[in-house]
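One structure below.
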Amino acid sequence: MTRIQVLLCSGTACQSSGSDKVKRALLEALGLHGLLEEVQIVETGCMGPCELGPVLLVYPEGTFYVRVRPEDAAEIVEEHFLKGRPVPRLLWTEGAPRPREIPFFARQVKLVLSNCGTIDPEKIEEYIAARGYEALGKAVTGMTPGEVVAEVKRSGLRGRGGAGFPTGTKWELVRAGVGDPKYVICNADEGDPGAFMDRAVLEGDPHSILEGMAIAAYAVGANHGYVYVRAEYPLAIQRLQTALAQARKLGFLGPGIFESDFSFDVEIRIGAGAFVCGEETALISSIEGRRGEPRPRPPYPATSGLWGKPTLINNVETYANVRHILLHGAEAFAAVGTEKSKGTKVFALAGKVQNTGLVEVPMGITLRELVFDIGGGVPAGREFKAVQIGGPSGGCLPASLLDVPVDYDSLSQHGAIMGSGGVIILDDAACMVNMARFFLEFTSDESCGKCVPCRVGTQMMLRILDRIVAGDGSEDDLTRLTEIGEMMKKASLCGLGQTAANPVLSTLRYFPAEYRAHIRDHSCPAGVCPNLVRYEVLPEACRGCDACRRACPTGAAQGKAGKPPYRIVDELCIRCGACFDACPFDAVRKEPR
Amino acid sequence: MTKDAIAARHPRSPEALLSLLHDLQKANPENFLMPDDLALAASHAGLPLAAVRDAVTFYSMFSLRPRGRHIIRLCESPNCHLAGAWSALDELRGSLGVDVGETTSDGAFTLELTSCLGACGVAPVMMVDDEVVGNLNPERVRNTLARYREGR
Numbered sequence: 013m014t015r016i017q018v019l020l021c022s023g024t025a026c027q028s029s030g031s032d033k034v035k036r037a038l039l040e041a042l043g044l045h046g047l048l049e050e051v052q053i054v055e056t057g058c059m060g061p062c063e064l065g066p067v068l069l070v071y072p073e074g075t076f077y078v079r080v081r082p083e084d085a086a087e088i089v090e091e092h093f094l095k096g097r098p099v100p101r102l103l104w105t106e107g108a109p110r111p112r113e114i115p116f117f118a119r120q121v122k123l124v125l126s127n128c129g130t131i132d133p134e135k136i137e138e139y140i141a142a143r144g145y146e147a148l149g150k151a152v153t154g155m156t157p158g159e160v161v162a163e164v165k166r167s168g169l170r171g172r173g174g175a176g177f178p179t180g181t182k183w184e185l186v187r188a189g190v191g192d193p194k195y196v197i198c199n200a201d202e203g204d205p206g207a208f209m210d211r212a213v214l215e216g217d218p219h220s221i222l223e224g225m226a227i228a229a230y231a232v233g234a235n236h237g238y239v240y241v242r243a244e245y246p247l248a249i250q251r252l253q254t255a256l257a258q259a260r261k262l263g264f265l266g267p268g269i270f271e272s273d274f275s276f277d278v279e280i281r282i283g284a285g286a287f288v289c290g291e292e293t294a295l296i297s298s299i300e301g302r303r304g305e306p307r308p309r310p311p312y313p314a315t316s317g318l319w320g321k322p323t324l325i326n327n328v329e330t331y332a333n334v335r336h337i338l339l340h341g342a343e344a345f346a347a348v349g350t351e352k353s354k355g356t357k358v359f360a361l362a363g364k365v366q367n368t369g370l371v372e373v374p375m376g377i378t379l380r381e382l383v384f385d386i387g388g389g390v391p392a393g394r395e396f397k398a399v400q401i402g403g404p405s406g407g408c409l410p411a412s413l414l415d416v417p418v419d420y421d422s423l424s425q426h427g428a429i430m431g432s433g434g435v436i437i438l439d440d441a442a443c444m445v446n447m448a449r450f451f452l453e454f455t456s457d458e459s460c461g462k463c464v465p466c467r468v469g470t471q472m473m474l475r476i477l478d479r480i481v482a483g484d485g486s487e488d489d490l491t492r493l494t495e496i497g498e499m500m501k502k503a504s505l506c507g508l509g510q511t512a513a514n515p516v517l518s519t520l521r522y523f524p525a526e527y528r529a530h531i532r533d534h535s536c537p538a539g540v541c542p543n544l545v546r547y548e549v550l551p552e553a554c555r556g557c558d559a560c561r562r563a564c565p566t567g568a569a570q571g572k573a574g575k576p577p578y579r580i581v582d583e584l585c586i587r588c589g590a591c592f593d594a595c596p597f598d599a600v601r602k603e604p605r
Numbered sequence: 002m003t004k005d006a007i008a009a010r011h012p013r014s015p016e017a018l019l020s021l022l023h024d025l026q027k028a029n030p031e032n033f034l035m036p037d038d039l040a041l042a043a044s045h046a047g048l049p050l051a052a053v054r055d056a057v058t059f060y061s062m063f064s065l066r067p068r069g070r071h072i073i074r075l076c077e078s079p080n081c082h083l084a085g086a087w088s089a090l091d092e093l094r095g096s097l098g099v100d101v102g103e104t105t106s107d108g109a110f111t112l113e114l115t116s117c118l119g120a121c122g123v124a125p126v127m128m129v130d131d132e133v134v135g136n137l138n139p140e141r142v143r144n145t146l147a148r149y150r151e152g153r
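Listed in order, the protein sequences are those of chains A and B. If you're matching positions, the first sequence starts at 13 in my numbering and goes up one per residue. If you're matching positions, the second sequence starts at 2 in my numbering and goes up one per residue.
What follows is the structure, given as structure tokens:
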């Protein structure tokens, strides 16, 4: 009889930290003590705090262990499972063994991620036990397609892929679209740098996506669906394939679902490494076996999509919300969130923050709560500088805007966007010009080249930014950046080009002094841009080990072994950073010039 | 499996093109698409050869030149950058003796850069074939390369 259940996170991040080795070690230790019958190990999807992996949760009492190594397995089994004494050194925070006592979890509201980390994503029975496919049954047997659309519309759900278009309205358009057959597509081509919530849902709760798609198909009158997943997510693809086979076997997909005359099936399509395929018309081109290039809209996919037929295309997280709307009703869903942004949103916290990982919060929570209460703020010794939200289409918001509520409209009003929900926290060691340049380099790389504003605009902006970070910028460059950026917003063909300038425009808006410092003073205040820093030896930290002198290619690092401090002669320095990398005592510092 | 048998597992439609190309590329030990593969994909999917070439050259995961048995893709996105991906890149360059885009002389590895791999919680990250390797530092890079060299 099972006395203890161990939920072991087997998401990509925890797998990469060695969760499978932990599982083997646990099984071995359990076998040694004859506990295999009493303790069950369940491999689940992502639990959220990826940086602390491998993580595991022990029930019935709910003890949360972090950074578990295979060599800890014996102690967990002997101390905890045999003697009932949790292992204190493996807890996240001493004295707070249960997730709800840990601030990271306590502030979250899990809807989309409710099954991630609690069920085995490879077992359909566990999904069904968590009321899986109940919403589909309710829709197909008790509601007309029109009623389903109306319910989703009333819930106020908006697309979670970035633009925030009202989901119910989109469904209504496809339902009204003229053409046969109609298609339902799930956009699982998650590519925004810093976003990994769709991966977590695909890997941790694949059935919730299939169920959402099936409900959508019933509502719009489609019998055929596609999930377009990026090839970079092999585990997600594998879990989806497993889920598909199981759902077909039990009749949740296929002909005559719930003994009705509604039929629906799903195929998986795999990308091949093109960021722009996350744009809906590019994605459709890619499914059709062509270059993944966007085309002008209208016509929107709702009227002319895959093979020219009416096509519903929603993002992973959007579909994962659908079953909750039907299960608990539109009102219950809309009770969470703000007036125009209903429900929850999953954010991926990364960068310079204590607790990185995935969190799901009610819409309208402030950035401060997100970054400090849940994320734990920036690590000690550094100061918060900005939060980059919305990836390459988003913007950087400064500390003065930390009390802005996180919802679609407030964010775009301040020059950022919700986007897919990637949040990168930057501390005072980050250079905002360099950050903007980084995103521009990304979008100029990923621009498909079809339309001129995006193809040429990103290149021109990148060239200007290259000049500025090299210390060769001029004041005119700032005006030029704004002009090109505004032109790209208006004239680009798709969302990639229309938003590519946002990282630059938002940093220009909130951190103009940093741009000026690069241009006027030839100085990078954060000490990041290689051409604009000065290397200095901290006299009290230098031990005279001679490492910097030996590493320096130009003789700028000078001194005598054993006779600290050394010094670096700025006139000879080519700013290669070799001394900085070579110093074992962190005595070489980068300072603004 | 013969190339024809691989093709037979895919529907004869343009829709199958990308999946078919992935499978054909995987079937070559040198991880690239040969001219014959493109011709086969074209006839199977019912597309002109030019259309297949057009698609192949668009997607970064397809290669028309031979590559190593293992493809290493190091993430160069901001989170990995902030977490120090460049020290991992230095280690990869040094250990492999190749630059980005090149293949080791023994044909074991090709080094590539990629945009976000969606595993930012354990940044810096690289993928070796289908395996995600996170929390990279020079030592972990060396150990991973050794593991693949030994064929594990």
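Every residue, glycine too, gets a C-beta built ideally from N, C-alpha and C.
For this session: Check whether the Cβ atoms of THR293 of chain A and ARG281 of chain A sit closer than 8 Å, and answer yes or no.
Result: 8 Å or more divides the Cβ of THR293 of chain A from the Cβ of ARG281 of chain A.
For this session: Measure from the C-beta of SER29 of chain A to each C-beta in chain B and report whether the shortest distance is under 8 Å.
Result: Yes, its Cβ sits closer than 8 Å to a Cβ of chain B.
Exercise. Who does LYS575 of chain A pair with in a DSSP beta bridge?
Worked result: For LYS575 of chain A, which the question treats as bridged, DSSP gives the partners A:LYS572.
For this session: Closer than 8 Å by C-beta to LEU474 of chain A: which residues in its own chain qualify, once you throw out the five before and the five after it? Chain order, please.
Result: ARG449, LEU452, GLU453 and SER456
Problem set entry | Three-way DSSP call (helix, strand, coil) for ILE429 of chain A in this model | coil
For this session: Please confirm if GLY206 of chain A has its CB atom under 8 Å from at least one CB of chain B.
Result: Contact with chain B is found for GLY206 of chain A, since one of that chain's Cβ atoms lies less than 8 Å from the residue's Cβ.
Exercise. Residues bridged to MET499 of chain A by DSSP?
Worked result: Checking the DSSP bridge columns, you'll see MET499 of chain A has no partner listed.
Exercise. Run through DSSP, which three-state label would ALA482 of chain A get?
Worked result: coil
For this session: Could you name the residues of the same chain whose beta carbon sits closer than 6 Å to that of VAL70 of chain A, not counting the 5 residues immediately before and after it, in chain order?
Result: VAL18
For this session: At 7 Å on the CB atoms, spell out the chain A contacts of ASN136 of chain B, in chain order.
Result: SER29
Problem set entry | Helix, strand or coil at CYS76 of chain B according to DSSP, with G and I counted as helix | strand
Problem set entry | DSSP beta-bridge partners of HIS45 of chain B | In DSSP, HIS45 of chain B forms no bridge with anything.
Problem set entry | Neighbouring residues, chain B, relative to GLY304 of chain A (Cβ below 8 Å) | PHE59 and TYR60
Exercise. Opposite HIS71 of chain B in the DSSP bridges: which residues?
Worked result: The partner list for HIS71 of chain B (beta bridge, DSSP) reads B:PHE110.
Exercise. Between which two residues does the beta strand (DSSP E) carrying TYR527 of chain A extend?
Worked result: Unbroken run through TYR527 of chain A is the alpha helix (DSSP H), 524-532; no beta strand (DSSP E).
Exercise. Do you know how far the Cα of THR24 of chain A is from the Cα of ARG112 of chain A?
Worked result: Using only the alpha carbons, I get a separation of about 24 Å.
For this session: Consider the Cβ of PRO79 of chain B: report whether some Cβ of chain A lies at a distance smaller than 8 Å.
Result: yes
Exercise. Skipping 5 residues on each side, what residues in its chain have a beta carbon closer than 6 Å to that of TYR1 of chain A?
Worked result: Coverage of chain A is limited to positions 13 through 605, which leaves residue 1 of chain A absent and any answer about it impossible.
Problem set entry | Counterpart residues of GLY363 of chain A in DSSP-defined beta bridges | A:ILE437
Exercise. Any C-beta of chain A sitting closer than 8 Å to the C-beta of LEU146 of chain B?
Worked result: Chain A, which has no Cβ nearer than 8 Å to the Cβ of LEU146 of chain B, makes this no.
For this session: Could you work out which residue in A:MET59, A:ALA229 and A:VAL34 is closest to VAL161 of chain A when comparing CA atoms only?
Result: Considering only alpha carbons, the answer is A:ALA229.
Problem set entry | As assigned by DSSP and simplified to three states, the class of TYR149 of chain B | The answer is helix: DSSP assigns TYR149 of chain B an H, G or I state.
Exercise. Got a sec: is the Cβ-Cβ distance from GLY85 of chain B to anything in chain A below 8 Å?
Worked result: no
For this session: Look up GLN17 of chain A in the DSSP assignment and give the residues it is bridged to.
Result: A:GLN52 and A:TYR71
For this session: Work out the CA separation of GLU458 of chain A and ARG68 of chain B for me, nearest whole Å.
Result: 22 Å
Problem set entry | PRO115 of chain A at chain B interface by Cβ criterion, 8 Å | no
Problem set entry | Beta-bridge partners of TYR240 of chain A, as assigned by DSSP | A:ASN199 and A:ARG281
Problem set entry | Extent of the continuous alpha helix (DSSP H) run through LEU413 of chain A | Careful: LEU413 of chain A lies outside any alpha helix (DSSP H) and carries neither H nor E.
Exercise. In three-state DSSP terms, what is PHE93 of chain A?
Worked result: helix
Problem set entry | Own chain partners of LEU148 of chain A with C-beta closer than 6 Å, once the 5 adjacent residues on each side are dropped | The residues GLU223, ALA226 and ILE227, in chain order, have a CB closer than 6 Å to that of LEU148 of chain A in the same chain once the five nearest residues on each side in sequence are set aside.
For this session: Using a Cβ-Cβ cut-off of 8 Å, state whether PRO49 of chain B counts as contacting chain E.
Result: Reference to chain E is not applicable here, since the protein chains of this structure are A and B.
Problem set entry | LEU48 of chain A vs LYS35 of chain A beta-carbon contact at 8 Å | no
Exercise. What are the uninterrupted segments assigned as alpha helix (DSSP H) that are 4 or more residues long and contained completely in the region 442-469 of chain A, given in chain order?
Worked result: 444-458
Exercise. Around the Cβ of LYS572 of chain A, are there at least 16 other Cβ atoms within 10 angstroms (buried) or fewer (exposed)?
Worked result: exposed
For this session: Assign CYS81 of chain B to one of three DSSP states: helix, strand, or coil.
Result: helix
Exercise. Can PRO12 of chain B and GLY47 of chain B be called in contact, C-beta distance under 8 Å?
Worked result: no
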